[in-house]
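See below for the structure under consideration.
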Amino acid sequence: KKPVIIDCDPGYDDALALILALGNEKLDVRAITTCAGNQTGEKILKNALNIVSFLEKDITVALGAKKPLMRELEIAPEVHGETGLDGAELPEGNRVANKENAINLMKKIIMETDEKITIIVTGPLTNMALLLTLYPEVKDKIYEISIMGGACFGGNVTPCAEYNIKTDPEAAEIVFKSGIKIAMCGLDVTHRALFTKADFRDIRAIGNNTSELAYRILVAYSKYYEENTELEGIPVHDACAVAYAIDSSIFETKKCYVTVETKGEFTTGQTVVDYRDLLRKEKNVEVAFDIDKGAFLNLFKAAIRELP
Ligand code: BDR
Ligand code: CA
7 KKPVIIDCDP GYDDALALIL ALGNEKLDVR AITTCAGNQT GEKILKNALN
57 IVSFLEKDIT VALGAKKPLM RELEIAPEVH GETGLDGAEL PEGNRVANKE
107 NAINLMKKII METDEKITII VTGPLTNMAL LLTLYPEVKD KIYEISIMGG
157 ACFGGNVTPC AEYNIKTDPE AAEIVFKSGI KIAMCGLDVT HRALFTKADF
207 RDIRAIGNNT SELAYRILVA YSKYYEENTE LEGIPVHDAC AVAYAIDSSI
257 FETKKCYVTV ETKGEFTTGQ TVVDYRDLLR KEKNVEVAFD IDKGAFLNLF
307 KAAIRELP
């Protein structure tokens with residue numbers, strides 16, 4: 007099994023990403039850490055704890071950064087609602103957070119594990135940047151960071167920027183410059199990982215508690231996309247970063263030099279992807295551009311079948 011830590015801000019698609027990770031037999035989730043993003047630190051921590059409880063898993067959850075490194079937090083209630091999971095009707099669970107903060111917990115787990123660890127990040131990169139800055143010794147013990155964030159072509163919160171990177175561009179810059187192996191599942195690929203209404207029904211037909219929860223999440227999540235985009239389904243962004251850690255062969259990728267715009271007048275938070283290798287810089291990121299949608303959906307359904 008592949009040891010992983012999931013750093014997230016649940017969030018509808020983060021919740022779906024957790025379902026995929028916790029139900030997949032190839033991943034060994036050592037901890038879930040939260041980073042303020044879609045909602046405030048307290049709300050997303052509560053959501054993460056309730057998801058773990060609902061899925062009946064014994065996985066520790068720790069609270070991380072409550073705001074970006076240098077900027078004010080910009081939450082996304084228009085997408086995920088006031089609770090971060092409006093309409094999901096996730097029952098109040100019985101779990102409490104780890105006493106350790108996310109950064110210290112991550113460091114401890116990374117240093118104590120014999121194997122190198124994969125870190126899946128589905129929120130802003132604040133925790134990750136703090137971890138690498140405070141404890142640079144972890145770098146040699148990280149196998150890969152699989153990130154949902156950024157895009158080569160176009161953004162979703164500004165014409166150029168994707169939400170997770172835009173929320174904490176300085177943190178993203180630290181991570182992209184770290185020299186650690188990075189995979190980026192940005193909007194280029196997540197807008198091809200679309201679940202349609204027929205997929206929602208297929209998922210629900212599995213007929214267990216988790217499939218009902220996933221269905222409610224998908225229905226609630228689709229509201230924003232139906233009202234605001236022309237996409238033919240809803241992009242299950244964060245689950246892509248988990249799917250990459252499970253089986254990268256279902257993705258089409260290209261290794262590129264990627265840097266983050268932190269000072270732009272109009273472009274702050276853009277991931278500048280040197281797709282044509284114009285700068286001849288060392289390629290630091292495996293950028294995903296396409297996914298086998300059928301295989302992705304199958305991974306998701308298989309995970310649900312393994313859960314309560
Ligand atoms: C990302 O932004 C968040 O709202 C989602 O959870 C996802 O991580 C997509 O841009
Ligand atoms: Ca997220």
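If you read the sequence shown in the UniProt record's numbering, its first letter stands for residue 7, the second for the next number, and so on.
The beta-carbon is built from N, C-alpha and C at its ideal position, and this holds for glycine as well.
If you're wondering where the values come from, they're calculated on a predicted model, not measured in any experiment.
- Our two residues, P9 and L22, have alpha carbons roughly 19 Å apart in a direct line.
- Among the bridge pairs identified by DSSP, C191 is matched with M154.
- Taking all protein chains shown into account, S152 has 16 or more neighbouring C-beta atoms within 10 Å of its C-beta and is therefore buried.
- Residue environment analysis places E238 among the exposed positions, since fewer than 16 neighbouring C-beta atoms fall within 10 angstroms of its C-beta.
- Counting the other CB atoms within 10 Å of its CB gives G185 a total below 16, which places it among the exposed residues.
- Taking 7 Å as the cut-off, the Cβ atoms of C191 and C246 count as close.
- Between the beta-carbon of N53 and that of P83 there is about 13 Å, and that puts the pair past the 8 Å contact cut.
- By the 16-neighbour rule on beta-carbons within 10 angstroms, F272 is exposed.
- Excluding residues up to 5 positions away in sequence, L22, I25, I209 and I310 lie with their Cβ nearer than 7 Å to the Cβ of A220 in the same chain.
- The continuous beta strand (DSSP E) containing P9 extends over residues K8 to C14.
- Within the same chain, F182, I188, Y263 and V264 come within 7 Å of N290 by CB-CB distance, once the 5 residues on both sides are set aside.
- Annotation for R311: the continuous alpha helix (DSSP H) segment containing it runs K299 to R311.
- Contact check for A177 against L131 passes: the beta carbons are separated by less than 7 Å.
- Burial check for D296: the Cβ neighbour count within 10 Å stays below 16, so the residue is exposed.
- For F201, the three-state secondary structure derived from DSSP is strand.
- For D34, the enclosing beta strand (DSSP E) covers residues L33 to T40.
- Of the residues assessed, F206 falls on the buried side of the cut-off, its CB having 16 or more other CB atoms within 10 angstroms.
- Rounded to whole angstroms, the gap between the alpha carbons of A27 and F302 is 12 Å.
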